[in-house]
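Comments concern the structure below.
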Amino acid sequence: MESPVIATSPATLHVVATPIGHLGDLSPRALEVLGSVAAICAEDTRHTRQLLAHFGIERPLVALHEHNEDAQAGQLVERLRAGEALALVSDAGTPLVSDPGYRLVRAARAAGIRVSPVPGACAAIAALSVAGLASDRFAFEGFLPAKAGARRKRLARLASETRTLVFYESSHRIEASLADLAEAFGPARPAVLARELTKLFETVLDGSLERLLATVSTDPNQRKGEFVVIVEGAGDDADARVAEGRRLYSRLVAHLPPSTAAKLAAELSGAPRKALYGG
Numbered sequence: 001m002e003s004p005v006i007a008t009s010p011a012t013l014h015v016v017a018t019p020i021g022h023l024g025d026l027s028p029r030a031l032e033v034l035g036s037v038a039a040i041c042a043e044d045t046r047h048t049r050q051l052l053a054h055f056g057i058e059r060p061l062v063a064l065h066e067h068n069e070d071a072q073a074g075q076l077v078e079r080l081r082a083g084e085a086l087a088l089v090s091d092a093g094t095p096l097v098s099d100p101g102y103r104l105v106r107a108a109r110a111a112g113i114r115v116s117p118v119p120g121a122c123a124a125i126a127a128l129s130v131a132g133l134a135s136d137r138f139a140f141e142g143f144l145p146a147k148a149g150a151r152r153k154r155l156a157r158l159a160s161e162t163r164t165l166v167f168y169e170s171s172h173r174i175e176a177s178l179a180d181l182a183e184a185f186g187p188a189r190p191a192v193l194a195r196e197l198t199k200l201f202e203t204v205l206d207g208s209l210e211r212l213l214a215t216v217s218t219d220p221n222q223r224k225g226e227f228v229v230i231v232e233g234a235g236d237d238a239d240a241r242v243a244e245g246r247r248l249y250s251r252l253v254a255h256l257p258p259s260t261a262a263k264l265a266a267e268l269s270g271a272p273r274k275a276l277y278g279g
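Residues in the sequence shown are numbered consecutively from 1, following the UniProt record's numbering.
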């Protein structure tokens, strides 16, 4: 049996997962690493300073976010080359999962620096574990585009995806995103809405996309917080054909009369024409 890895090693970048809500989810190993590195690279130093203060940890902090990561990566790699151990954290959860950090990790690995994970909380995996939808194959899509047009195009491309789909969404876009999901995937597609995971007002709702949209639309409390949306994948046969037909129709109808676009989309996808266009 191999000996356990010591908390920190010289010239190592430790990628440390932090809680997504409940502070009790910070692992003993994460506490040991954060308390012993030369510095901690943090997405938001104010947020991380509060987390460290809760656990009585005082370490130098370096701001590392999407606007300065390219510039900071070289300087941090030089510190690692000099033998320092550094930690990388995000505001919550596992770094690099819809968060900054991959440029630093890539630069460190290219320089031959050891990069070591300190596993822990991840909102996507936490939601998937309680969703009750197929989890043997899934696709993580992160945040959908903020603009409606770009969001609908992305969803149209995903409509025929047979794997379970996992999205992050913010409180001010959750209603619009659910409406677009229902339009792109069909209102009856099963889904799960996980909100404020591990926090005081945690809720996990399941049902069709139409039902989840109705709940969020009528209950203001269900529009607050941070969300993970999990959507069942398209069926391997009929559902996939219809989803692909709708995707093709949405592209063709921009250039052809609706009836012609539906006819071509049905022929190309094998989906029933009436499922694509009611005319």
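Cβ atoms here follow ideal geometry from the backbone N, Cα and C, with glycine treated the same way. Predicted, not measured: the structure shown is a model, and the values here were computed from it.
Asked, Found
"Short Cβ contact (8 Å threshold) for residue 146 with residue 173", "yes"
"Residues near residue 216 in its chain [Cβ-Cβ closer than 8 Å; skip 5 each side]", "174, 175, 178, 193, 222 and 223"
"Separation of residue 242 from residue 263, as counted between CA atoms", "13 Å"
"Candidates 219, 191 and 250: closest to residue 229 by CA position", "191"
"Under the three-state DSSP convention, the category residue 14 falls into", "strand"
"Residue burial classification, residue 82 (beta-carbon count within 10 angstroms, cutoff 16)", "exposed"
"Assumed close pair residue 104, residue 76 - CB separation to whole angstroms, cut-off 8 Å", "6 Å"
"Sequence-distant residues of its chain with Cβ nearer than 8 Å to residue 256 (five each side left out)", "264"
"Member of 150, 87 and 122 whose CA lies at the smallest distance from the CA of residue 115", "87"
"Beta-carbon proximity of residue 246 to residue 159, cut-off 8 Å", "yes"
"Nearest to residue 10 (by Cα), restricted to the options 79, 95 and 111", "79"
"Closest by C-alpha distance to residue 136, when choosing among 163, 250 and 123", "163"
"Residue 99 in three-state terms, based on DSSP", "coil"
"Residue 174, DSSP secondary structure in three states", "helix"
"Nearest candidate by alpha-carbon position, reference residue 195, set 240, 131 and 154", "131"
"Chain-order list of residues whose beta-carbon lies under 7 Å from that of residue 269 (same chain, five-residue window excluded)", "241, 244, 245 and 248"
"Presumed contact (8 Å Cβ cut-off) between residue 123 and residue 197, rounded CB distance", "6 Å"
"Length at least 4, wholly inside the region 19 to 55: the alpha helix (DSSP H) runs in chain order", "28 to 34 and 45 to 54"
"N-terminal and C-terminal residue of the beta strand (DSSP E) that residue 230 is part of", "227 to 231"
"Among 220, 200 and 188, the one whose alpha carbon lies nearest that of residue 206", "188"
"Nearest neighbour of residue 128, chosen from 108, 166 and 141 [CA to CA]", "166"
"Chain-order list of residues whose beta-carbon lies under 8 Å from that of residue 112 (same chain, five-residue window excluded)", "none"
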